[in-house]
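Q: So the sequence shown is residues 1 to 346, counted in full-length UniProt numbering.
Below you will find the structure I want to go over with you.
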Amino acid sequence: MGEKAKRQIPVVVVAGFLGSGKTTLLNHLLRNTRGARIGVIVNDFGSVNIDSMMVAGQVDSMVSLSNGCLCCAVDVSDMDAMLDKLAHRSSELDVIVVEASGLAEPRNMIRLVAGSENEYVAYGGLVLVVDAAEFEATRARHPEVEQHVALADLVLLNKTDRIDGDMHDDLLGRLCALNSRAAVVSTEHGRIDPGLLFDIPERPGPQPGEQLTLDRLLYEDDHGDDAEHGHLHDGYDAITFESPDVLHPRMLVDFLENQPAGVFRIKGYVRVAAGLRASTYLLHTVGDHIRFEPAGRGEPVPDGTQLVVIGADLDTDAAHEQLARCVATEPVSADAMYAVHRFTPR
Ligand SMILES: Nc1nc2c(ncn2[C@@H]2O[C@H](COP(=O)(O)OP(=O)(O)OP(=O)(O)O)[C@@H](O)[C@H]2O)c(=O)[nH]1
Numbered sequence: 001m002g003e004k005a006k007r008q009i010p011v012v013v014v015a016g017f018l019g020s021g022k023t024t025l026l027n028h029l030l031r032n033t034r035g036a037r038i039g040v041i042v043n044d045f046g047s048v049n050i051d052s053m054m055v056a057g058q059v060d061s062m063v064s065l066s067n068g069c070l071c072c073a074v075d076v077s078d079m080d081a082m083l084d085k086l087a088h089r090s091s092e093l094d095v096i097v098v099e100a101s102g103l104a105e106p107r108n109m110i111r112l113v114a115g116s117e118n119e120y121v122a123y124g125g126l127v128l129v130v131d132a133a134e135f136e137a138t139r140a141r142h143p144e145v146e147q148h149v150a151l152a153d154l155v156l157l158n159k160t161d162r163i164d165g166d167m168h169d170d171l172l173g174r175l176c177a178l179n180s181r182a183a184v185v186s187t188e189h190g191r192i193d194p195g196l197l198f199d200i201p202e203r204p205g206p207q208p209g210e211q212l213t214l215d216r217l218l219y220e221d222d223h224g225d226d227a228e229h230g231h232l233h234d235g236y237d238a239i240t241f242e243s244p245d246v247l248h249p250r251m252l253v254d255f256l257e258n259q260p261a262g263v264f265r266i267k268g269y270v271r272v273a274a275g276l277r278a279s280t281y282l283l284h285t286v287g288d289h290i291r292f293e294p295a296g297r298g299e300p301v302p303d304g305t306q307l308v309v310i311g312a313d314l315d316t317d318a319a320h321e322q323l324a325r326c327v328a329t330e331p332v333s334a335d336a337m338y339a340v341h342r343f344t345p346r
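Here it is in structure tokens:
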């Protein structure tokens, strides 16, 4: 084990009205972990097939709230108590998924996670599951669903098997009007590529004679042919931006605060310069949550900038061009670095 910088585990919050498909999404992720180690926080384990998942080693850790409701009864210290069980110095989890109860207020859920004092976690985004067939009826009964959409970093327009093409187009238009920033992905039974949500670790495949894990078997069963495999990647884009030149800190932050439509998360190294100083930071963003950490604490750091932008239906050329425009073409005044310092921890 090399000494690494403190690893922060992304905590993804899954919210959505009753019956929209949150548990279905969670079960899908647990069945398609692709080697990622997933921790789960749920209200109760009733509908998640936890027992068999645990036996098969699919769920690496989980915590439930035995009594009470994840929406209102929980405060930051309750959430931290749950997160502390999953995220600590020796935790090997790659992601923690919190399934909010159907009545949870997403703003509160974000506050609980983003406000966590646990130094080993980082906010991993709000995924809002929307029932495509019921959106109109839900909106009539609960107008606040519009605010929920506006808060989301990723909207899953689920149950698209239950609507026709015209309604699909209409819904996409309405969701984009409510939130032009979020990535929107259409799904059936919550089947998204987990790589959109979190990093798939590069762990070696099974060696000859080694047993296949259930995840691999299921994944390979589901995706044995290329057509099926391709299906899971629909609407999921990842672009890489690399530059040997330094970036202008303020222009970079401006880009991050006005991300192109469809971006869900951005990660990688950025080399920025202002005044006489050039520094490399590890950058993570989810939606408008931006974090710069000084790079080089134990890990090798590339010379220039290496960023990956992940989202759905991205205009990849435009995103690339916008990033290229952040390259500093003339000397930058020293105070421009404040733009980055606003987003560095502590
Ligand atoms: N037709 C169709 N049914 C779906 C889809 N996704 C989920 N369902 C069904 O919708 C129902 C509700 O799904 P859940 O995943 O339990 O929804 P939930 O959001 O966890 O519900 P609560 O826990 O009650 O808030 C289940 O019967 C699912 O099988 C889909 O894409 N299409």
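C-beta atoms are modelled at their ideal positions from N, C-alpha and C, and glycine is treated no differently.
Report the three-state DSSP secondary structure of D237 (helix, strand or coil).
A: Mapped onto the sequence shown, residue 237 falls at position 237. Three-state result, D237: strand.
Q: Do we get a CB-CB distance below 9 Å when we pair L83 with the residues of chain B?
A: In summary, chain B is missing from the structure at hand, where a single protein chain is found.
Q: Below 6 Å CB to CB, which residues in the same chain sit around R191 once its five sequence neighbours on both sides are set aside?
A: Within the sequence shown, residue 191 is the residue found at index 191, counting from 1. Answer for R191: H28, listed in chain order.
Q: When DSSP labels each residue in this structure, what does E321 get in the three-state scheme?
A: For the purposes of this step, residue 321 is taken as residue 321 along the sequence shown, with counting starting at 1. The answer is helix: DSSP assigns E321 an H, G or I state.
Q: Starting from R271, follow its DSSP beta bridges and name the residues at the other end.
A: Position 271 of the sequence shown, counting from 1, holds the residue named residue 271. Paired residue(s): T280.
Q: Looking at A97: is its Cβ nearer than 9 Å to the Cβ of V11?
A: Counting from one through the sequence shown, the residue named residue 97 turns up at place 97. Counting from one through the sequence shown, the residue named residue 11 turns up at place 11. Sequence inspection shows Val at residue 97; the Ala mentioned does not correspond to that position. Yes, the pair counts as a contact, with Cβ atoms nearer than the cut-off.
Q: At a cut-off of 8 Å, would you count E99 as near ligand 1, judging by its Cβ distance to the nearest heavy atom?
A: On the sequence shown, residue 99 is found 99 positions in, with the first residue counted as 1. Within the cutoff, so yes.
Q: Report yes or no: do the region 304-318 and the region 246-260 share at least 3 C-beta pairs separated by less than 8 Å?
A: yes
Q: Assign Y338 to one of two classes, buried (16 or more other C-beta atoms within 10 Å of its C-beta) or exposed (fewer than that).
A: Along the sequence shown, read from residue 1 onward, the residue named residue 338 stands at position 338. Counting of Cβ neighbours within 10 angstroms places Y338 among the exposed residues, the total staying below 16.
Q: Heavy atom of ligand 1 less than 8 Å from the Cβ of F292, yes or no?
A: Numbered from 1 along the sequence shown, position 292 holds the residue referred to as residue 292. No, since every heavy atom of ligand 1 falls outside the 8 Å radius drawn around the Cβ of F292.
Q: Candidates G21, D245, A336, R342: which alpha carbon is nearest N158's?
A: Taking the sequence shown and counting its residues from 1, the one referred to as residue 158 is at position 158. Residue G21 is the option with its Cα nearest to N158.
Q: If you follow the beta strand (DSSP E) that R291 is in, where does it begin and where does it stop?
A: By one-based count along the sequence shown, residue 291 stands at place 291. That run of the beta strand (DSSP E) goes 289-294.
Q: On the CB-based measure, 16 or more other CB atoms within 10 Å of its CB, does R7 come out buried or exposed?
A: Reading the sequence shown from its first residue, position 7 is the one you call residue 7. Looking at its Cβ environment, which holds fewer than 16 other Cβ atoms inside 10 Å, R7 is exposed.
Q: For the alpha helix (DSSP H) that P249 lies in, which residues bound it at each end?
A: The count along the sequence shown starts at 1 and reaches residue 249 at position 249. Segment 249-257, the alpha helix (DSSP H) holding P249.
Q: Mind checking whether the beta-carbon of V190 lies closer than 8 Å to any heavy atom of ligand 1?
A: On the sequence shown, residue 190 is found 190 positions in, with the first residue counted as 1. Rather than Val, the amino acid found at residue 190 in this sequence is Gly. Answer for G190: yes, Cβ within range of ligand 1.
Q: Per DSSP, which one or two residues make a beta bridge with Q306?
A: Taking the sequence shown and counting its residues from 1, one reaches residue 306 at position 306. Looking at the DSSP assignment, Q306 forms a beta bridge with E242, Y269.
Q: Let me check you understand the geometry: is the CB of G16 closer than 8 Å to at least one non-hydrogen atom of ligand 1?
A: Taking the first residue of the sequence shown as 1, we reach residue 16 at position 16. Yes, ligand 1 has a heavy atom inside 8 Å of this Cβ.
Q: Three or more C-beta pairs closer than 8 Å, one from the region 33-43 and one from the region 139-149: is that the case here?
A: no
Q: Are the CB atoms of A81 and V14 within a distance shorter than 9 Å?
A: Counted from its first residue, the sequence shown places residue 14 at position 14. Counted from its first residue, the sequence shown places residue 81 at position 81. Not closer than 9 Å, so no.
Q: Drop a sphere of 10 angstroms on the beta-carbon of residue 360, count the other beta-carbons inside from all chains shown, and report buried for 16 or more, exposed for fewer.
A: Nothing can be reported for residue 360, as the shown portion of the chain is limited to 1 through 346.
Q: Cβ of N158 within 8 Å of any heavy atom in ligand 1?
A: For this step, residue 158 is matched to residue 158 along the sequence shown. Yes, the beta carbon of N158 sits closer than 8 Å to at least one heavy atom of ligand 1.
Q: Quick check: the region 287-304 against the region 317-330, are there 3 or more CB pairs under 8 Å?
A: Counting Cβ pairs under 8 Å, fewer than three are found: no touch.
Q: Where does D166 land, buried or exposed, given buried means 16+ other C-beta within 10 angstroms?
A: To locate residue 166, count along the sequence shown from 1; it is residue 166. Exposed: under 16 other Cβ atoms inside 10 Å.
Q: Taking 8 Å as the cut-off, is the CB of L128 close to at least one heavy atom of ligand 1?
A: Against the sequence shown, residue 128 aligns to sequence position 128. Between ligand 1 and the CB of L128, the shortest heavy atom gap is not smaller than 8 Å.
Q: Comparing C-alpha positions only, which one of V270, D254, G16 sits nearest to E134?
A: Residue numbering aside, residue 134 sits at position 134 when the sequence shown is read from its first letter. Looking at the Cα atoms, G16 is the closest of the given residues.
Q: Could you tell me whether the region 136-143 touches the region 110-121, using the rule of 3 or more Cβ pairs below 8 Å?
A: Three or more beta-carbon pairs separated by less than 8 Å are not found between the region 136-143 and the region 110-121, which leaves the two stretches without contact.
Q: Give me whichever residues DSSP pairs with L154 in a beta bridge.
A: Indexing the sequence shown from 1 puts residue 154 at position 154. DSSP output for L154 lists V127, A183 as bridge partner(s).
Q: Is the beta carbon of R34 less than 9 Å from the beta carbon of P194?
A: Start at 1 with the first residue of the sequence shown, and residue 34 comes out as number 34. Start at 1 with the first residue of the sequence shown, and residue 194 comes out as number 194. Yes, Cβ-Cβ distance for R34 and P194 is below 9 Å.
Q: On a Cα-Cα basis, can you pick out the residue from G125, A177, L93, H189 that is closest to I310?
A: Here the question's residue 310 lines up with position 310 in the sequence shown. Closest by alpha carbon: G125.
Q: Can you give me the C-alpha to C-alpha distance between N67 and L86, rounded to a whole angstrom?
A: On the sequence shown, residue 67 is found 67 positions in, with the first residue counted as 1. On the sequence shown, residue 86 is found 86 positions in, with the first residue counted as 1. Confidence at N67 is low in this model, with a pLDDT of 48, below 50, so its placement is unreliable and the value that follows should be read with caution. So the two alpha carbons sit approximately 19 Å from each other.
Q: Tell me the DSSP secondary structure of V340 in three-state form.
A: Here residue 340 corresponds to residue number 340 of the sequence shown, with the count starting at 1. Three-state DSSP puts V340 in a helix.
Q: Measure the CB-CB distance between A278 and V246 and report whether it falls below 9 Å.
A: Sequence index remark: in the sequence shown, residue 278 carries index 278 (1-based). Sequence index remark: in the sequence shown, residue 246 carries index 246 (1-based). Yes. Within cutoff.
Q: Would you list the residues sitting across from P106 in a DSSP beta bridge?
A: The count along the sequence shown starts at 1 and reaches residue 106 at position 106. Looking at the DSSP assignment, P106 forms no beta bridge with any residue, so it has no partner.
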